[in-house]
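J.: Chains as they are written, first to last, in this note's numbering: chain A, 105 to 425; chain B, 105 to 425; chain C, 558 to 883; chain D, 558 to 883. Backbone N, C-alpha and C fix where the C-beta goes; we use that ideal spot for every residue, glycine too. Okay, handing you the structure first.
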Ligand SMILES: Cc1ncc(C[n+]2csc(CCOP(=O)(O)OP(=O)(O)O)c2C)c(N)n1
Ligand SMILES: Cc1ncc(C[n+]2csc(CCOP(=O)(O)OP(=O)(O)O)c2C)c(N)n1
Ligand SMILES: [Mg+2]
Ligand SMILES: [Mg+2]
């Protein structure tokens, strides 16, 4: 176990995978320079410019080339720089990568990882702060992963690289510098297994990504013992753990940074209601962003932000209902 | 009242709006040739090639030019040919059009309509059959409209054109040739007002777009009197009508063609649960597509399809629960 | 045949494949029109010389990416025509198990990485395929087919720059049939055309008469040799004409009938046949090649019509391993 | 001043705007580094001659689209610099009410249709703006600024073709500062460069030394006249250099310090000042123009630091009319 940042954990995991498998390589803007969050730092020195490839500003082709490279037997890491720029490569991700195995009847597979750091960070405003994870959970063919701790950043990246499915990995921009304990040769973490971050009977609280530390703090601060789950992967997601917990607590709170309307919280709520039945449920709430873009100015951005205090309040509401 | 097809109703409504407002114009592939569903047929003869503009295959620029044209005082209709191709123009729609008013503090508005015929039609397979309406409801700034009848095709297109907000209009490809009665100078239909298609106390059934006739038929066939709502617009949506009905019936079924997981049905369920409270609910179900791409072969496509029989079954389940 | 040169034998093989493509598509269009085959087909009838001229210079290990109009590319690359016909009919045993249909024909076994329903989408895929080939030190190249309409889409520019930048082993083949769906492509394309654009991004371009299969073959042979020699990407601009409408049901009312008629006069198959006859190949042999092609494809169509449908459960397989639909 | 020519007066005005842009950005970078201004700024210091050289040829009714590095374009187009500084500080009264910040500076009142956080995104927008101007028979043109990195994105090709096709009144201005973020752009760009690509799509191109504001002015003057005359889109390729890092915090370790130092020697402001001095404008007057510029921007920064924050409720306004957040 070593204490390190989220970025360093991810960097180390990638280096370990690249040592393990010579078919793993990465492409994206400024990768030779280490990536904009340092998550590729030093890799070009070890792996050379054939495996750490700095590309033109050509998101469609970064993504589409990743697919072609996967179809020819390599395992590319497609780096989108920030999630918002994936909007420039959506056809390649959604109509090509996600569907290639299916529409060709299993002849080929897009075994690749698309990394897209997401969310609010340093007042980046409307075009650089989006959380579109719900979109990707809606797309058949994709695995969607959203780590919230350095250890999970490492373990899930390893699983993503070894997965034969295309995996979208959404790193929370705001947590790149967050620190945590990471095992020295971190094991891959399976998809679809939530981390049970806290235990309690008052409510079931579900979250992921940048909200993980916020929810953990909020739950501590309000002093109400809840079951807190960090989903870690959104598709597949650990429905069993959440449903089992809700059967006991009868109360569900889902917290995410993304816009609430049609966010993944809606899916969690709908599935839990379908699985548990309305009889077993006393209270349900989603805490996410208002349906507004992310503004620049700090007081405005703060008005959109999920904070420990808002989480604590929501837990009180749900637990007390 | 005249009986006409969905395509003809839309075509007439557009012609009427173009006569009314010289700032309305349309751009997209093959528009001079009438569009691929005939929904622009004959318009170039009346309005000329300055207002009915055939474009190159350049979806990013079709969409982005629409925005620029709106910012300079015209009211463009941006034709995407089919919804799937919007994936080639997502940055322009989501990071530009949807956000321009907000991020510039209200200085400019994207008063335009993006038309994107969607869904299954003639075995078009995975890349030409997607329903991504839920995505767009998740995006602040956008109005999302999904008509299911010829009359609504006309009335909602008129509202979309007159709206100062950017409106995404998803026409169901499978219903272009469906017929219905349309008023001669059809009035605009306000957003956010569902059509109450059938009345009954056994359950509340909510649907939209291509599923509208399927649900109507399914409800008739099963012989159980339900409240059936055709939402017509998904953002804003008629939460009040649905919630009021569910308070009475205690049972909710949402039917849509899109993939169930993270589809807009999840949002409807989540909102209704939040608004009605779990106490007032006896049964909740979503009927949508499995999380798989749309296949080509008829028996495979049929396995994914929402049919009147499946709707009838679902109504029986929900009403009987 | 005693005394027949290798060259002639090769040309006869080309003719055979062109005839097979034509026969395949004639059956496909008929099957679509009659309703036996679901969905739409985009026939490349009249353009067979481009597919065959290029693919006769490819090895099995080489890859191709294709378009919505991809039957010819697939057959020319050696794809299983019976499986293709089954696929068009949505039957079990189809190339994609019935899941893809005409627009998603693929045969990975022969390096055919797939038709594509999105204009221009094959370009980035071809670039990445070539990058992987480089990384794994495979001895292969990639041929990337696309239409003249694709040169107005962003990925065209991105892909040209990309391939030139990394000096990738890609042969870009622009099949310029003059139309993008119902619009004459010259009406929506400015500047000097596909080749000029490719060159502006650093990909050397060659123009060829796509209605002359031997000219395509000669040009492709030269370009493929350069690519295998490490010269980086090359661009082949092949002018041709789409005899049929955009799809099997489009009557192409947007163009004068004489224009299409004139194109039919320039038939690439007859043109190659004439060369072969001049080289001494008997007309009867040519006729028999064509007749065999028709018989083969009619046989495939007949087989497809009676082939079993796929199991409906297949609709839910091959989506993904983790989180597959229940 | 008696006897001073209109031309000299115009050049003095150019110098003033260049000095104002530089002073604005120096204050902006300082404010960002100190933490007074949130977020990041992308300074265009060293590139002022391009923005001013182009915009001195535009009327108020003309529109511009800009980039993430847009302060200079905005000021040169006549945007309210105090509102801009307030915006960078996220304060009430900012150009966008604090909602946009540096990357989304806009001032529609003077035809500045917005900076943009997405590389190349302004290109299609500029095309559409020009189409609307044509439709409404407005007497105006559009200038579209973008960096050399944008020429590798798809919308570049699409927009060039589009503008040429419809003969739109657009001046495309490629500010070629040699870098795309941390990468030397030549390392990721193949072929003959931005101008060659534009010409391949049918947009005539002119190259200019972007560090010479008068050269930019002369070229822009000529191109704008052509555009107003109905000649269709024109392309201006302006070579320049980004003195600072990509953002106010980037130390630009990826390039030799001497390279940046040499660029600073070629300062477009000193160059224009030297011309003016040679024309008889006293050095003291020039010094005073520059001092005034600094004083103005320090004043704006001071004002911004003490300006009220926007009401948090503003986070939820100006989203949309129908379905606005509750
Ligand atoms: C991105 C995208 N936009 C639009 C379409 C619809 N479409 C299918 S084929 C076609 C014309 C393509 O023309 P070209 O590239 O010349 O190929 P051809 O059909 O002539 O072989 C169009 C517009 C599409 N498939 N993909
Ligand atoms: C589509 C997209 N990809 C990546 C980025 C990240 N990014 C911001 S500025 C920049 C470099 C742009 O270079 P250039 O166009 O030359 O403009 P300059 O910064 O030199 O003014 C990059 C890669 C972006 N904003 N948009
Ligand atoms: Mg064509
Ligand atoms: Mg640059």
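If the criterion is Cβ atoms closer than 8 angstroms, does the pair residue 176 of chain B and residue 686 of chain D meet it?
T.: yes
J.: Inspect the beta-carbon positions of residue 343 of chain A and residue 389 of chain B and report whether they are closer than 8 angstroms.
T.: no
J.: By the criterion of Cβ-Cβ separation under 7 angstroms, what are the contact partners of residue 236 of chain B in chain C?
T.: Near residue 236 of chain B there are no residues of chain C at all, since even the closest Cβ is about 15 angstroms away, more than 7 angstroms.
J.: Kindly provide the chain-ordered list of residues whose Cβ lies closer than 6 angstroms to any non-hydrogen atom of ligand 4.
T.: D/704, D/705, D/706, D/734, D/736, D/737, D/742
J.: If you run the structure through DSSP and keep just helix, strand and coil, what is residue 374 of chain A?
T.: Three-state result, residue 374 of chain A: helix.
J.: With distances taken from CA atoms, which of B/374, B/425, B/194 is nearest residue 355 of chain B?
T.: Here the closest residue by C-alpha is B/425.
J.: For the beta strand (DSSP E) containing residue 557 of chain D, name the first residue and the last one.
T.: Chain D is shown only over 558 to 883; residue 557 of chain D falls outside these bounds and no answer can be derived.
J.: For ligand 6, is there any heavy atom lying closer than 7 angstroms to the beta carbon of residue 181 of chain B?
T.: In terms of ligand content, the structure shown lacks ligand 6 and carries ligand 1, ligand 2, ligand 3 and ligand 4 instead.
J.: Look at the alpha carbon of residue 119 of chain B and the alpha carbon of residue 806 of chain D, and state the distance between them as a whole number of angstroms.
T.: 54 angstroms
J.: Quick check on the DSSP output: the alpha helix (DSSP H) that includes residue 784 of chain C runs from which residue to which?
T.: Unbroken alpha helix (DSSP H) run through residue 784 of chain C: 770-785.
J.: Compute the distance between the beta-carbons of residue 404 of chain A and residue 869 of chain D, then report whether it is under 8 angstroms.
T.: yes
J.: Mind checking whether residue 649 of chain D and residue 663 of chain D have CB atoms under 8 angstroms apart?
T.: No.
J.: Using the DSSP secondary-structure output, state which residues sit across from residue 764 of chain C in a beta bridge.
T.: C/794
J.: To the nearest angstrom, how far is the alpha carbon of residue 353 of chain B from that of residue 253 of chain B?
T.: 26 angstroms
J.: Give me, in chain order, the residues of the same chain whose beta-carbon lies closer than 8 angstroms to that of residue 590 of chain D; leave out the 5 immediate sequence neighbours on both sides.
T.: Contacts found: 805, 806.
J.: Provide the residue span of the beta strand (DSSP E) that contains residue 130 of chain B, from first to last.
T.: 128-132
J.: Let me confirm a value: residue 626 of chain D is counted as buried when at least 16 other C-beta atoms fall within 10 Å, else exposed. Which label applies?
T.: buried
J.: Indicate the three-state DSSP secondary structure (helix, strand or coil) for residue 637 of chain C in the structure shown.
T.: coil
J.: Less than 8 angstroms between the CB atoms is what I'm expecting for residue 595 of chain D and residue 402 of chain A, so what's the real figure, rounded?
T.: 5 angstroms
J.: How do the stretch 721-738 of chain D and the stretch 690-706 of chain D stand: do at least 3 beta-carbon pairs fall below 8 angstroms, yes or no?
T.: yes
J.: Any idea what DSSP makes of residue 116 of chain A, helix, strand or coil?
T.: Here residue 116 of chain A sits in helix by DSSP.
J.: Return helix, strand or coil for residue 531 of chain C, following the three-state DSSP convention.
T.: Within the shown structure, residues of chain C are numbered from 558 to 883, placing residue 531 of chain C beyond reach of any answer.
J.: Does DSSP put residue 572 of chain C in a helix, a strand or coil?
T.: helix
J.: When the cut-off is 8 angstroms and only beta carbons count, does residue 753 of chain C lie next to chain D?
T.: yes
J.: With a Cβ-Cβ cutoff of 8 angstroms, do residue 679 of chain C and residue 622 of chain C count as a contact?
T.: yes
J.: Should residue 336 of chain A go down as buried or exposed, given a rule of 16 or more other Cβ atoms within 10 Å for buried?
T.: Residue 336 of chain A is buried by the Cβ-count criterion.
J.: Taking 8 angstroms as the threshold (beta carbon to beta carbon), is residue 180 of chain A in contact with chain D?
T.: no
J.: Identify, in the order they occur along the chain, each residue of the same chain with its Cβ nearer than 7 angstroms to the Cβ of residue 263 of chain B, setting aside the five sequence neighbours on each side.
T.: 292, 293, 294, 295
J.: Any heavy atom of ligand 2 closer than 7 angstroms to the beta-carbon of residue 676 of chain D?
T.: yes
J.: Compare the C-beta of residue 399 of chain A with all C-beta atoms of chain D and state if any pair is closer than 8 angstroms.
T.: By this cut-off, residue 399 of chain A is an interface position.
J.: Assuming residue 168 of chain A and residue 200 of chain A make a contact with CB atoms under 8 angstroms, what is their CB distance in whole Å?
T.: Between residue 168 of chain A and residue 200 of chain A a beta carbon distance of about 6 angstroms is seen, short of the 8 angstroms cut, so the two are scored as contacting.
J.: On the criterion of 16 or more Cβ atoms from any shown chain inside 10 Å, does residue 819 of chain C qualify as buried, or is it exposed?
T.: exposed
J.: Alpha carbons only, please: which of C/789, C/610, C/800, C/572 is nearest the one belonging to residue 758 of chain C?
T.: C/789
J.: Would you check if the stretch 233-252 of chain A and the stretch 273-281 of chain A touch, i.e. whether three or more CB-CB distances between them fall below 8 angstroms?
T.: yes
J.: What does the alpha-carbon distance come out to for the pair residue 655 of chain C and residue 871 of chain D?
T.: Spanning the two alpha carbons is a distance of roughly 53 angstroms.
J.: What's the C-alpha gap between residue 781 of chain D and residue 584 of chain D?
T.: Distance between the alpha carbons of residue 781 of chain D and residue 584 of chain D is about 32 angstroms.
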